[in-house]
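K.L.:
Let me begin by handing over the structure; questions about it come next.
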Amino acid sequence: MKQDQSIKFIDPKELSSVEDLQLLARMVVDGFMSGIHRSPHSGSSIEFAQYRPYTQGDDLRKVDWRLFGRSDRLHIKQYEEETTLRCTVLLDCSGSMDYSSNGVQKFHYARMLAAALSLLLQKQRDAVGLIAYHHELLTYVPPLSSERHLRRIFVELDNIAPEGKTDTPGALHYLGDVLKPRGMVILISDLLHPLDEMIDHLKSLRARKQDVLVIQISDPAEQTFPFDESYTFIDAESGREQYAVPDTVRDQYLENRKNHFDRIRKECLSAEIDIAEFTTNEPLDRALHFFLDNRLRTRLSTSYHSRSIAGGNR
(Lines of atoms letter the chains of each structure in order from A; the text may use other names.)
(Lines give C-alpha, C1' and ligand atoms only; values in the text may rest on other atoms or scores of the structure.)
Protein backbone atom coordinates (compact mmCIF):
# COMPACT_ATOMS: atom_id res chain seq x y z
CA MET A 166 0.00 0.00 0.00
CA LYS A 167 1.40 3.42 -0.90
CA GLN A 168 1.90 5.93 1.88
CA ASP A 169 -0.65 8.45 0.55
CA GLN A 170 -3.24 5.68 0.32
CA SER A 171 -2.70 4.59 3.92
CA ILE A 172 -2.98 8.21 5.11
CA LYS A 173 -6.47 8.35 3.59
CA PHE A 174 -7.48 5.47 5.83
CA ILE A 175 -6.67 7.40 9.01
CA ASP A 176 -7.44 11.02 8.02
CA PRO A 177 -10.74 12.04 9.68
CA LYS A 178 -11.92 14.22 6.77
CA GLU A 179 -11.32 11.43 4.26
CA LEU A 180 -13.21 9.03 6.54
CA SER A 181 -16.17 11.31 7.25
CA SER A 182 -17.91 10.28 4.02
CA VAL A 183 -17.79 6.55 4.88
CA GLU A 184 -21.21 5.59 6.21
CA ASP A 185 -20.52 1.92 7.01
CA LEU A 186 -18.91 2.03 10.47
CA GLN A 187 -17.53 -1.49 10.26
CA LEU A 188 -15.88 -0.74 6.91
CA LEU A 189 -14.56 2.53 8.30
CA ALA A 190 -13.00 0.77 11.30
CA ARG A 191 -11.29 -1.75 9.05
CA MET A 192 -9.91 1.04 6.84
CA VAL A 193 -8.50 2.81 9.90
CA VAL A 194 -6.94 -0.30 11.44
CA ASP A 195 -5.56 -1.58 8.12
CA GLY A 196 -4.00 1.81 7.39
CA PHE A 197 -2.60 1.95 10.90
CA MET A 198 -1.12 -1.55 10.68
CA SER A 199 0.41 -0.72 7.31
CA GLY A 200 2.15 2.24 8.93
CA ILE A 201 3.45 0.11 11.79
CA HIS A 202 4.90 -2.47 9.42
CA ARG A 203 6.73 0.29 7.48
CA SER A 204 8.09 1.90 10.64
CA PRO A 205 11.69 1.21 11.71
CA HIS A 206 10.63 1.62 15.34
CA SER A 207 9.24 -1.33 17.30
CA GLY A 208 8.00 0.42 20.43
CA SER A 209 4.33 0.17 19.53
CA SER A 210 4.33 -3.05 17.55
CA ILE A 211 1.64 -5.59 18.25
CA GLU A 212 4.14 -8.40 17.71
CA PHE A 213 6.37 -7.19 20.55
CA ALA A 214 3.33 -6.75 22.74
CA GLN A 215 2.94 -10.54 22.60
CA TYR A 216 6.14 -11.10 24.64
CA ARG A 217 6.99 -10.98 28.33
CA PRO A 218 10.35 -11.05 30.13
CA TYR A 219 11.85 -14.48 30.90
CA THR A 220 11.62 -15.66 34.51
CA GLN A 221 13.49 -18.57 36.10
CA GLY A 222 11.67 -21.81 35.43
CA ASP A 223 10.14 -20.75 32.09
CA ASP A 224 10.30 -23.24 29.23
CA LEU A 225 13.39 -22.32 27.20
CA ARG A 226 11.68 -23.61 24.07
CA LYS A 227 9.41 -20.55 24.27
CA VAL A 228 12.32 -18.08 24.28
CA ASP A 229 12.51 -15.90 21.17
CA TRP A 230 16.23 -16.17 20.41
CA ARG A 231 16.04 -13.73 17.48
CA LEU A 232 14.69 -11.08 19.81
CA PHE A 233 17.47 -11.94 22.27
CA GLY A 234 20.02 -11.35 19.52
CA ARG A 235 18.60 -7.86 18.87
CA SER A 236 17.96 -6.77 22.44
CA ASP A 237 20.32 -8.92 24.57
CA ARG A 238 17.33 -9.75 26.78
CA LEU A 239 15.39 -12.97 27.15
CA HIS A 240 11.68 -12.78 26.31
CA ILE A 241 9.05 -15.50 26.23
CA LYS A 242 6.41 -15.73 23.51
CA GLN A 243 3.02 -15.24 25.10
CA TYR A 244 0.00 -17.18 23.98
CA GLU A 245 -3.62 -16.14 23.84
CA GLU A 246 -4.53 -17.26 27.34
CA GLU A 247 -1.62 -15.20 28.74
CA THR A 248 -2.37 -11.96 26.92
CA THR A 249 -6.15 -11.64 26.78
CA LEU A 250 -7.33 -8.28 28.08
CA ARG A 251 -10.81 -7.21 29.14
CA CYS A 252 -11.35 -3.63 27.96
CA THR A 253 -14.40 -1.37 28.21
CA VAL A 254 -14.68 1.75 26.04
CA LEU A 255 -16.76 4.58 27.52
CA LEU A 256 -18.08 7.01 24.90
CA ASP A 257 -19.42 10.45 25.82
CA CYS A 258 -22.51 11.15 23.68
CA SER A 259 -23.55 14.46 25.24
CA GLY A 260 -24.54 17.61 23.38
CA SER A 261 -21.12 19.27 23.62
CA MET A 262 -19.71 16.45 21.46
CA ASP A 263 -21.90 17.73 18.59
CA TYR A 264 -19.58 20.66 17.87
CA SER A 265 -17.52 21.06 14.69
CA SER A 266 -15.58 23.98 13.22
CA ASN A 267 -13.72 22.02 10.53
CA GLY A 268 -16.30 19.61 9.11
CA VAL A 269 -15.52 16.76 11.52
CA GLN A 270 -17.84 16.63 14.50
CA LYS A 271 -16.23 15.75 17.84
CA PHE A 272 -18.69 12.94 18.34
CA HIS A 273 -18.09 11.51 14.88
CA TYR A 274 -14.34 11.52 15.51
CA ALA A 275 -14.85 9.87 18.90
CA ARG A 276 -17.18 7.25 17.43
CA MET A 277 -14.71 6.44 14.63
CA LEU A 278 -12.00 6.04 17.25
CA ALA A 279 -14.19 3.84 19.46
CA ALA A 280 -14.95 1.59 16.48
CA ALA A 281 -11.28 1.36 15.45
CA LEU A 282 -10.14 0.61 19.00
CA SER A 283 -12.80 -2.10 19.31
CA LEU A 284 -11.64 -3.75 16.09
CA LEU A 285 -7.97 -3.48 17.07
CA LEU A 286 -8.69 -5.11 20.43
CA GLN A 287 -10.68 -7.89 18.79
CA LYS A 288 -7.85 -8.50 16.30
CA GLN A 289 -5.55 -9.03 19.29
CA ARG A 290 -8.10 -11.54 20.64
CA ASP A 291 -8.83 -9.23 23.54
CA ALA A 292 -12.33 -8.83 24.96
CA VAL A 293 -13.89 -5.43 24.27
CA GLY A 294 -17.07 -3.87 25.64
CA LEU A 295 -18.88 -0.55 25.26
CA ILE A 296 -20.67 1.94 27.46
CA ALA A 297 -22.31 4.88 25.65
CA TYR A 298 -23.86 7.62 27.77
CA HIS A 299 -24.97 11.23 28.07
CA HIS A 300 -27.06 12.26 31.11
CA GLU A 301 -28.08 8.62 31.36
CA LEU A 302 -26.79 5.26 30.20
CA LEU A 303 -27.56 4.63 26.51
CA THR A 304 -26.09 1.17 26.08
CA TYR A 305 -23.87 -1.36 27.80
CA VAL A 306 -22.21 -4.17 25.88
CA PRO A 307 -20.11 -6.39 28.19
CA PRO A 308 -16.58 -7.31 27.04
CA LEU A 309 -16.29 -10.33 24.74
CA SER A 310 -13.93 -11.17 21.89
CA SER A 311 -16.03 -12.77 19.13
CA GLU A 312 -16.68 -11.18 15.72
CA ARG A 313 -20.41 -11.45 16.32
CA HIS A 314 -19.96 -9.44 19.51
CA LEU A 315 -17.90 -6.85 17.65
CA ARG A 316 -20.69 -6.43 15.09
CA ARG A 317 -23.07 -5.71 17.97
CA ILE A 318 -20.78 -2.91 19.14
CA PHE A 319 -20.78 -1.42 15.63
CA VAL A 320 -24.60 -1.56 15.53
CA GLU A 321 -24.85 0.20 18.89
CA LEU A 322 -22.38 2.89 17.79
CA ASP A 323 -24.33 3.42 14.56
CA ASN A 324 -27.56 4.09 16.46
CA ILE A 325 -26.25 6.81 18.77
CA ALA A 326 -26.42 10.58 18.29
CA PRO A 327 -25.03 13.27 20.62
CA GLU A 328 -27.55 15.19 22.70
CA GLY A 329 -28.33 16.42 26.20
CA LYS A 330 -26.17 16.91 29.25
CA THR A 331 -23.35 14.64 30.32
CA ASP A 332 -22.97 12.47 33.41
CA THR A 333 -19.53 10.91 33.19
CA PRO A 334 -19.44 10.14 36.95
CA GLY A 335 -22.71 8.23 36.60
CA ALA A 336 -21.33 6.15 33.72
CA LEU A 337 -18.14 5.42 35.67
CA HIS A 338 -20.18 4.47 38.73
CA TYR A 339 -22.23 2.04 36.65
CA LEU A 340 -19.07 0.56 35.19
CA GLY A 341 -17.67 0.08 38.69
CA ASP A 342 -20.72 -2.02 39.57
CA VAL A 343 -20.36 -4.41 36.60
CA LEU A 344 -16.58 -4.47 36.21
CA LYS A 345 -14.54 -7.60 36.77
CA PRO A 346 -11.13 -7.37 38.49
CA ARG A 347 -8.13 -6.30 36.40
CA GLY A 348 -8.64 -4.92 32.93
CA MET A 349 -8.59 -1.69 30.98
CA VAL A 350 -10.99 1.24 30.79
CA ILE A 351 -10.80 3.79 27.95
CA LEU A 352 -12.79 7.00 28.45
CA ILE A 353 -13.39 9.02 25.25
CA SER A 354 -14.84 12.46 26.01
CA ASP A 355 -14.30 16.18 25.52
CA LEU A 356 -14.13 16.42 29.34
CA LEU A 357 -16.19 19.61 29.33
CA HIS A 358 -17.86 19.04 32.68
CA PRO A 359 -17.12 19.42 36.42
CA LEU A 360 -14.11 17.41 37.50
CA ASP A 361 -14.21 16.38 41.15
CA GLU A 362 -16.62 13.46 41.02
CA MET A 363 -15.24 12.17 37.71
CA ILE A 364 -11.68 12.17 39.06
CA ASP A 365 -12.78 10.33 42.20
CA HIS A 366 -14.35 7.57 40.08
CA LEU A 367 -11.28 7.29 37.84
CA LYS A 368 -9.04 6.93 40.90
CA SER A 369 -11.40 4.30 42.28
CA LEU A 370 -10.97 2.27 39.08
CA ARG A 371 -7.19 2.48 39.43
CA ALA A 372 -7.46 1.28 43.02
CA ARG A 373 -9.27 -1.78 41.66
CA LYS A 374 -6.29 -2.65 39.43
CA GLN A 375 -7.84 -1.25 36.26
CA ASP A 376 -5.55 0.34 33.68
CA VAL A 377 -7.26 3.62 32.78
CA LEU A 378 -6.78 5.67 29.60
CA VAL A 379 -8.46 9.05 29.13
CA ILE A 380 -8.73 10.28 25.55
CA GLN A 381 -9.80 13.90 25.31
CA ILE A 382 -11.39 14.92 22.01
CA SER A 383 -11.22 18.62 21.14
CA ASP A 384 -12.09 20.79 18.17
CA PRO A 385 -9.21 22.99 16.95
CA ALA A 386 -11.33 26.11 17.51
CA GLU A 387 -11.76 25.20 21.16
CA GLN A 388 -7.99 25.37 21.59
CA THR A 389 -7.49 28.78 19.99
CA PHE A 390 -10.88 30.61 20.05
CA PRO A 391 -10.24 32.05 16.55
CA PHE A 392 -13.52 33.97 16.25
CA ASP A 393 -13.34 37.57 15.03
CA GLU A 394 -16.93 38.77 14.95
CA SER A 395 -19.39 39.03 17.81
CA TYR A 396 -21.38 35.86 18.39
CA THR A 397 -24.22 34.53 20.42
CA PHE A 398 -22.66 31.38 21.84
CA ILE A 399 -25.04 28.55 22.75
CA ASP A 400 -24.26 25.88 25.34
CA ALA A 401 -25.00 22.64 23.49
CA GLU A 402 -25.99 20.84 26.68
CA SER A 403 -28.04 23.42 28.59
CA GLY A 404 -29.26 25.60 25.69
CA ARG A 405 -28.07 28.70 27.53
CA GLU A 406 -27.15 31.64 25.25
CA GLN A 407 -24.35 34.12 25.82
CA TYR A 408 -23.56 37.08 23.57
CA ALA A 409 -19.85 37.90 23.51
CA VAL A 410 -17.24 39.94 21.65
CA PRO A 411 -14.38 37.46 21.05
CA ASP A 412 -11.54 39.97 21.54
CA THR A 413 -12.82 40.81 25.03
CA VAL A 414 -13.26 37.24 26.27
CA ARG A 415 -10.59 35.25 24.39
CA ASP A 416 -7.79 35.55 26.95
CA GLN A 417 -10.05 34.66 29.87
CA TYR A 418 -11.57 31.73 27.97
CA LEU A 419 -8.15 30.32 27.06
CA GLU A 420 -6.88 30.75 30.63
CA ASN A 421 -9.96 29.01 32.07
CA ARG A 422 -9.61 26.20 29.57
CA LYS A 423 -5.93 25.75 30.37
CA ASN A 424 -6.59 25.66 34.12
CA HIS A 425 -9.40 23.13 33.65
CA PHE A 426 -7.35 20.67 31.62
CA ASP A 427 -4.12 21.24 33.56
CA ARG A 428 -5.95 20.09 36.66
CA ILE A 429 -7.29 17.00 34.89
CA ARG A 430 -3.79 16.06 33.72
CA LYS A 431 -2.28 16.67 37.16
CA GLU A 432 -4.88 14.48 38.86
CA CYS A 433 -4.49 11.75 36.26
CA LEU A 434 -0.71 11.81 36.59
CA SER A 435 -0.92 11.45 40.37
CA ALA A 436 -3.17 8.40 39.95
CA GLU A 437 -1.04 6.82 37.20
CA ILE A 438 -3.78 7.37 34.63
CA ASP A 439 -2.63 8.00 31.06
CA ILE A 440 -4.30 10.96 29.37
CA ALA A 441 -3.87 12.49 25.91
CA GLU A 442 -5.69 15.11 23.85
CA PHE A 443 -6.49 14.66 20.16
CA THR A 444 -8.13 17.22 17.89
CA THR A 445 -10.60 16.36 15.17
CA ASN A 446 -8.13 17.30 12.43
CA GLU A 447 -5.51 14.78 13.64
CA PRO A 448 -5.10 11.37 11.97
CA LEU A 449 -6.69 8.62 14.01
CA ASP A 450 -3.51 6.57 14.11
CA ARG A 451 -2.06 8.88 16.77
CA ALA A 452 -4.73 7.79 19.22
CA LEU A 453 -4.20 4.14 18.26
CA HIS A 454 -0.47 4.53 18.96
CA PHE A 455 -1.35 6.04 22.35
CA PHE A 456 -3.44 2.96 23.13
CA LEU A 457 -0.83 0.45 21.95
CA ASP A 458 1.99 2.18 23.83
CA ASN A 459 -0.04 1.87 27.01
CA ARG A 460 -0.95 -1.74 26.22
CA LEU A 461 2.71 -2.64 25.82
CA ARG A 462 3.71 -0.97 29.09
CA THR A 463 0.86 -2.72 30.90
CA ARG A 464 1.91 -6.14 29.69
CA LEU A 465 5.59 -5.64 30.45
CA SER A 466 5.02 -4.10 33.89
CA THR A 467 2.68 -6.95 34.80
CA SER A 468 5.30 -9.45 33.70
CA TYR A 469 8.08 -7.73 35.66
CA HIS A 470 5.80 -7.59 38.71
CA SER A 471 5.16 -11.33 38.41
CA ARG A 472 8.90 -11.94 38.08
CA SER A 473 9.59 -9.94 41.26
CA ILE A 474 7.05 -11.98 43.17
CA ALA A 475 8.52 -15.21 41.84
CA GLY A 476 12.03 -14.06 42.76
CA GLY A 477 10.95 -13.16 46.27
CA ASN A 478 9.47 -16.61 46.80
CA ARG A 479 12.63 -18.50 45.87
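Residue numbers (my numbering): 166 to 479.
Where is the CB? At the ideal position from N, CA and C, for every residue including glycine.
Here the structure is a predicted model, which is why all the values come from computation and not from measurement.
(1) Where does leucine 344 sit, in a helix, a strand or coil, going by DSSP?
(2) Under a three-way DSSP split, which group does histidine 358 fall into?
(3) Using C-beta distances below 7 Å, list every residue in its chain close to aspartate 323, excluding the 5 sequence neighbours before and after it, in chain order.
(4) Tell me which same chain residues have a C-beta within less than 7 Å of the C-beta of methionine 280, skipping the five on either side of it?
(5) Run through DSSP, which three-state label would isoleucine 325 get?
(6) Quick check on DSSP: helix, strand or coil for aspartate 458?
(7) Take threonine 444 and list the residues in its own chain whose beta-carbon comes closer than 6 Å to its own, dropping the five residues that flank it on each side.
(8) If I measure Cβ to Cβ from lysine 178 and keep anything under 7 Å in the same chain, skipping five residues before and after, which residues do I get?
(9) Identify every residue that forms a DSSP beta bridge with histidine 240.
(10) For alanine 401 and serine 181, I'd like the C-alpha separation in whole angstroms.
(11) Helix, strand or coil: which one does DSSP assign to glycine 294?
(12) Looking at the structure shown, is threonine 333 part of a helix, part of a strand, or coil, going by DSSP?
(13) Phenylalanine 426 lies in the alpha helix (DSSP H); which residues open and close that run?
(14) Go to glutamine 375, then tell me how far its beta strand (DSSP E) extends in each direction, as first and last residue.
(15) Quick one: is aspartate 323 near chain C, going by C-beta distance under 9 Å?
(16) Taking C-alpha atoms, which residue in Gly404, Asp224, Asp450, Val410 lies nearest to glutamate 394?
(17) Which one or two residues does DSSP pair with cysteine 258 in a beta bridge?
(18) Identify every residue that forms a DSSP beta bridge with arginine 489.
(19) Using 8 Å as the Cβ pair cut-off and three pairs as the minimum, do the segment 249-263 and the segment 348-361 touch?
(20) Within the same chain, show all residues whose beta-carbon is closer than 8 Å to that of threonine 249, passing over the 5 residues directly before and after it, in chain order.
(21) From proline 307 to leucine 295, what distance separates their C-alpha atoms?
(22) Exposed or buried, which one is glutamate 387 when buried takes at least 16 other CB atoms within 10 Å?
P.N.:
Taking the definition as stated:
(1) DSSP places leucine 344 outside both helix and strand once states are collapsed to three, so it counts as coil.
(2) Reduced to three states, the DSSP call for histidine 358 is coil.
(3) Excluding sequence neighbours, aspartate 323 sits near Leu186.
(4) A small fix is needed here, since residue 280 is alanine in this sequence, not methionine. Non-local beta-carbon contacts of alanine 280 in its own chain, meaning distances under 7 Å to residues more than five positions away in sequence, involve Leu186, Leu189, Ala190, Phe319, Leu322 in chain order.
(5) Isoleucine 325 falls in the coil class under three-state DSSP.
(6) Residue state, collapsed to three classes: helix.
(7) Around threonine 444: Ser383, Pro385.
(8) Contacts found: Gly268, Val269.
(9) Answer is Pro218.
(10) A straight-line Cα-Cα distance of about 22 Å links alanine 401 and serine 181.
(11) Three-state result, glycine 294: strand.
(12) In the structure shown, threonine 333 sits in a helix (DSSP, three-state: H, G or I).
(13) First-last of the alpha helix (DSSP H) with phenylalanine 426: 411-435.
(14) DSSP places glutamine 375 in the uninterrupted beta strand (DSSP E) bounded by 375-383.
(15) Note that chain C does not occur in the displayed structure, where there is just one protein chain.
(16) The shortest Cα separation from glutamate 394 among Gly404, Asp224, Asp450, Val410 belongs to Val410.
(17) Partner(s): none; cysteine 258 has no beta bridge.
(18) The structure shown does not extend to residue 489, since the chain spans only 166 to 479, so no value can be given for it.
(19) Flag = yes, the segment 249-263 and the segment 348-361 touch.
(20) Taken in chain order, the residues that qualify are Arg290, Asp291, Ala292, Ser310.
(21) Computed Cα separation, rounded: 7 Å.
(22) Buried is the call here.
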